[in-house]
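Enquirer: This structure is in structure tokens; I'll ask about it shortly.
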Amino acid sequence: MIKAIKGTNDILPEEIVEWNYLINVVQKKMQLFNYKEIRTPIFEHTALFSRGIGESTDIVSKEMYSFTDRSENNVTLKPEMTASVVRAFIEHSLGKQSGLNKLFYISPMFRQERPQAGRLRQFHQFGIEAIGSHNPMLDAEVIQVAFEILRNVGLEDLTVTINSLGIPEERAKFSAALKNFIEDRKSKLSEDSQRRLDTNVLRILDSKDRNDQNLLKEAPSILDFLGNESLEHFENVKALLKSAEIPFTVEPKLVRGLDYYTHTTFEITSTKVGSQSALCGGGRYNLLVEQLEGPSTPAVGFAAGIERILLACKSEQAFTPAKEEIDIYLIRLDNQLEKKTFEMASLFRGNNLKVELDYSTRSVKAQMREANKYNARFVVFIGGEEFGNGQIQIKNMQTGDQTLLSIKDLEKILQIVK
RNA sequence: GUGAGCGUAGCUCAGUUGGUUAGAGCAUCUGGUUGUGGCCCAGAAGGCCGUGGGUUCAAAUCCCAUCGCUCACCCCA
Numbered sequence: 019m020i021k022a023i024k025g026t027n028d029i030l031p032e033e034i035v036e037w038n039y040l041i042n043v044v045q046k047k048m049q050l051f052n053y054k055e056i057r058t059p060i061f062e063h064t065a066l067f068s069r070g071i072g073e074s075t076d077i078v079s080k081e082m083y084s085f086t087d088r089s090e091n092n093v094t095l096k097p098e099m100t101a102s103v104v105r106a107f108i109e110h111s112l113g114k115q116s117g118l119n120k121l122f123y124i125s126p127m128f129r130q131e132r133p134q135a136g137r138l139r140q141f142h143q144f145g146i147e148a149i150g151s152h153n154p155m156l157d158a159e160v161i162q163v164a165f166e167i168l169r170n171v172g173l174e175d176l177t178v179t180i181n182s183l184g185i186p187e188e189r190a191k192f193s194a195a196l197k198n199f200i201e202d203r204k205s206k207l208s209e210d211s212q213r214r215l216d217t218n219v220l221r222i223l224d225s226k227d228r229n230d231q232n233l234l235k236e237a238p239s240i241l242d243f244l245g246n247e248s249l250e251h252f253e254n255v256k257a258l259l260k261s262a263e264i265p266f267t268v269e270p271k272l273v274r275g276l277d278y279y280t281h282t283t284f285e286i287t288s289t290k291v292g293s294q295s296a297l298c299g300g301g302r303y304n305l306l307v308e309q310l311e312g313p314s315t316p317a318v319g320f321a322a323g324i325e326r327i328l329l330a331c332k333s334e335q336a337f338t339p340a341k342e343e344i345d346i347y348l349i350r351l352d353n354q355l356e357k358k359t360f361e362m363a364s365l366f367r368g369n370n371l372k373v374e375l376d377y378s379t380r381s382v383k384a385q386m387r388e389a390n391k392y393n394a395r396f397v398v399f400i401g402g403e404e405f406g407n408g409q410i411q412i413k414n415m416q417t418g419d420q421t422l423l424s425i426k427d428l429e430k431i432l433q434i435v436k
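Take the position in the first sequence, starting the count at 1, then add 18; the result is the number in our numbering.
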């Protein structure tokens with residue numbers, strides 16, 4: 019038997035209900051905040067991601083689904099959306115048409131990692147890329163959109179953490195200081211963190227190792243290395259979040275793994291989804307557009323994991339989808355009447371009624387059971403003596419009341435059923 | 001890439017000092033008198049006990065291998 023590829027999931031009809039609910043909330047919120055949807059191809063030239071995300075990041079160095087196509091192009095299934103959106107922004111000169119582009123997306127992403135709870139090889143994200151403004155209002159707005167979406171789908175166990183990484187010069191100074199601090203304690207660190215000393219010093223900060231965290235208690239804080247402008251930007255963002263009544267905590271150790279972040283970074287986590295607790299992550303990336311050979315343009319955005327959010331919803335029992343029902347189930351008392359049943363179905367469906375019928379030849383009892391299973395509001399009996407007289411029985415499944423009506427009196431039938 | 005756990009019916013799971021024909025609940029299907037649901041009752045169908053090898057008179061059960069799944073680490077949504 020051929021099975022789905024490891025780390026990929028079928029989304030069955032039962033689950034689609036939850037997906038649609040979430041996506042609906044996302045679309046409504048995006049509309050309210052005036053974000054425009056953008057869709058980009060599912061794959062891109064590999065160079066876009068290696069240049070955009072950062073050669074040394076884990077995503078690029080070991081998680082990408084890359085291959086060469088028949089024309090010997092190096093292509094990659096997109097592991098995240100920011101690089102693609104920025105590419106489209108540059109390619110279509112969106113910055114020239116409008117000073118500020120507020121974009122959102124909903125799309126599958128691909129990363130070849132070992133799957134676990136809340137981590138898949140094909141997963142789905144929605145997110146925002148707001149390109150074209152330095153204003154801290156936009157940082158705050160982006161966080162607000164993410165937070166409100168999560169709140170609106172019914173999640174309560176949410177933690178918003180924010181931090182600022184400043185500008186590259188400030189980050190470099192901090193990196194050096196941190197490296198210094200750590201070199202002295204190198205031997206006491208976990209193996210993983212010792213390795214990170216060479217690859218990415220900043221990431222030692224969010225090591226999960228308890229001992230590491232203890233050692234890091236007295237480590238320098240990025241916030242002490244920020245210049246006045248960076249500090250002011252950060253203070254502004256915090257003030258705006260407060261005014262929007264979004265609860266947050268400042269976490270100087272929140273560095274995030276992608277190279278392109280500057281200034282604000284943030285994360286929204288839940289304790290309800292297992293080890294992969296980040297439902298949403300994002301921040302400002304003022305240098306990426308330029309780095310991808312576009313005009314120097316500031317930007318800020320986030321990405322949120324749909325599967326993780328749904329996991330959180332499930333464990334918080336955040337929403338209970340409404341029971342599906344159908345308007346009419348057609349029951350034929352006589353199997354000779356298939357054509358007539360089909361015509362009746364067309365007639366009702368033509369009047370915007372949700373109709374179901376039996377496609378096998380089954381007893382009336384079996385058909386009734388099916389009608390019940392489908393949550394039919396009404397059942398129409400076709401056949402028998404009354405049918406010879408041009409009449410049908412309509413049964414209200416809730417009350418059990420049954421009415422005999424003439425087939426030709428469509429007005430009356432619709433009146434009862436509507 | 002590293003580590004741990006688990007594979008028995010469509011689903012959730014019972015089933016070892018190795019011993020008849022492998023079970024339950026839910027779901028499915030059919031009945032419970034002429035043409036009527038839910039609840040209830042009766043019955044049916046559904047399994048190479050993940051796969052391959054080994055030990056044994058005898059393996060779902062013990063051993064080895066292999067595949068698959070899950071969770072965790074790394075890292076990220």
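For glycine and all other residues, C-beta sits at the position ideal for the given N, C-alpha and C.
Quick one, are the C-beta atoms of GLY117 and GLN294 less than 9 Å apart?
Expert: For GLY117 and GLN294, no; Cβs fall outside 9 Å.
Enquirer: Looking only at C-alpha atoms, which of LYS436, HIS142, ASN92 and LYS114 sits nearest to ASP28?
Expert: Nearest C-alpha to ASP28: HIS142.
Enquirer: Out of GLY319, GLU147 and LYS271, state which residue places its alpha-carbon closest to the alpha-carbon of ARG221.
Expert: Minimum Cα distance to ARG221 is reached at LYS271.
Enquirer: Determine whether the beta carbon atoms of TYR279 and LEU183 lie at a separation below 9 Å.
Expert: Yes; because the gap between Cβ atoms is below 9 Å, this pair is in contact.
Enquirer: Among GLN433, GLN420, PRO154 and LEU328, which has the Cα closest to the Cα of GLY172?
Expert: Residue LEU328 is the option with its Cα nearest to GLY172.
Enquirer: Given the structure, does CYS298 come close to the ligand COA, in the sense that its CB is under 8 Å from one of the ligand's heavy atoms?
Expert: No copy of the ligand COA occurs in the structure displayed, which carries no ligand at all.
Enquirer: Whole angstroms are fine: how far does the CA of ILE23 sit from the CA of GLU308?
Expert: Computed Cα separation, rounded: 37 Å.
Enquirer: Answer with buried or exposed for LEU244, where buried requires no fewer than 16 other C-beta atoms within 10 angstroms of its C-beta.
Expert: Burial call: buried.
Enquirer: Which one of ASN304, LEU423, LYS358 and THR421 has the shortest CA to CA distance from HIS152?
Expert: Nearest option by C-alpha distance: ASN304.
Enquirer: PHE122 and ILE161: beta carbons closer than 9 Å?
Expert: Going by C-beta atoms, PHE122 is not nearer than 9 Å to ILE161.
Enquirer: Taking only runs that begin and end inside the stretch 345 to 400, name each unbroken beta strand (DSSP E) of 3 or more residues, in chain order.
Expert: Listed in chain order, the complete beta strand (DSSP E) runs (minimum 3 residues) inside the stretch 345 to 400 are 373 to 375 and 394 to 400.
Enquirer: Going by DSSP in three states, HIS142 sits in which element: helix, strand or coil?
Expert: The answer is strand: DSSP assigns HIS142 an E or B state.
Enquirer: So, under 8 Å CB-CB, GLU62 and VAL93 are touching, yes? Tell me the CB distance rounded to an integer number of Å.
Expert: Correct: roughly 7 Å between the Cβ atoms.
Enquirer: Take SER193 and list the residues in its own chain whose beta-carbon comes closer than 7 Å to its own, dropping the five residues that flank it on each side.
Expert: Once the five neighbours on either side are set aside, the close Cβ partners of SER193 are VAL219 and LEU220.
Enquirer: Following the continuous alpha helix (DSSP H) through LEU428, name the residue where it begins and the one where it ends.
Expert: Taken as a continuous stretch (DSSP letters only), the alpha helix (DSSP H) holding LEU428 covers 428 to 435.
Enquirer: Can you tell me which of the three DSSP states ILE410 falls into?
Expert: ILE410 falls in the strand class under three-state DSSP.
Enquirer: Going by C-alpha to C-alpha distance, which of GLN115, LEU112, ASP216 and MET99 sits closest to MET127?
Expert: With distances taken between Cα atoms, MET127 lies closest to MET99.
Enquirer: Terminal residues of the continuous beta strand (DSSP E) containing HIS63?
Expert: Note, HIS63: beta strand (DSSP E), 61 to 63.
Enquirer: Look at THR282 and ASN181 and say whether their C-beta atoms are less than 9 Å apart.
Expert: Yes, the pair counts as a contact, with Cβ atoms nearer than the cut-off.
Enquirer: DSSP state of LYS120, grouped into three classes?
Expert: Looking at LYS120 - three-state DSSP - the assignment turns out to be strand.
Enquirer: Give the secondary structure of PRO238 by DSSP, where H, G and I count as helix, E and B as strand, and everything else as coil.
Expert: In the structure shown, PRO238 sits in coil (DSSP, three-state: anything other than H, G, I, E or B).
Enquirer: Please look up how many angstroms separate the CB atoms of VAL273 and PRO154, rounded, as I've assumed it's under 8 Å.
Expert: Incorrect: roughly 20 Å between the Cβ atoms, too far for contact.
Enquirer: Scan the stretch 306 to 347 and note each continuous beta strand (DSSP E) run of 3 residues or more that stays entirely inside, going in chain order.
Expert: Runs of the beta strand (DSSP E) inside the stretch 306 to 347: 317 to 323.
Enquirer: Assign HIS110 to buried or exposed, taking buried as 16 or more other Cβ atoms, counted over all protein chains shown, within 10 Å of its Cβ.
Expert: So HIS110 counts as exposed.
Enquirer: Please state whether DSSP places ASN92 in a helix, a strand or coil.
Expert: Of the three classes helix, strand and coil, the one that applies to ASN92 here is strand, per DSSP.
Enquirer: Beta-carbon within less than 6 Å of ASN170's beta-carbon, same chain only, minus the 5 sequence neighbours each way: which residues are those?
Expert: Contacts found: VAL43.
Enquirer: Would GLY113 and GLY150 qualify as a contact pair, given that the criterion is a beta-carbon distance under 9 Å?
Expert: Cβ atoms of GLY113 and GLY150: closer than 9 Å.
Enquirer: How would you label ARG313, buried or exposed, when you count the other beta carbons within 10 angstroms and need 16 or more for buried?
Expert: The sequence as given places Pro at residue 313; Arg does not occur at that position. Answer is exposed; the Cβ neighbour count stays below 16.
Enquirer: If we require 3 or more residues per run, which beta strand (DSSP E) segments fall completely within the stretch 29 to 108?
Expert: Entirely contained in the stretch 29 to 108, the beta strand (DSSP E) runs reaching 3 residues are, in chain order, 61 to 63, 83 to 86 and 92 to 95.
Enquirer: Who does ARG132 pair with in a DSSP beta bridge?
Expert: Looking at the DSSP assignment, ARG132 forms no beta bridge with any residue, so it has no partner.
Enquirer: Taking only the alpha-carbon atoms, compute the straight-line gap between TYR83 and ARG139 and give it to the nearest angstrom.
Expert: If you take the alpha carbons of TYR83 and ARG139, they lie about 9 Å apart.
Enquirer: Ordered along the chain, which non-local residues of its own chain (more than five positions away) have a Cβ less than 8 Å from that of THR217?
Expert: So the list reads SER74, once near-sequence residues are dropped.
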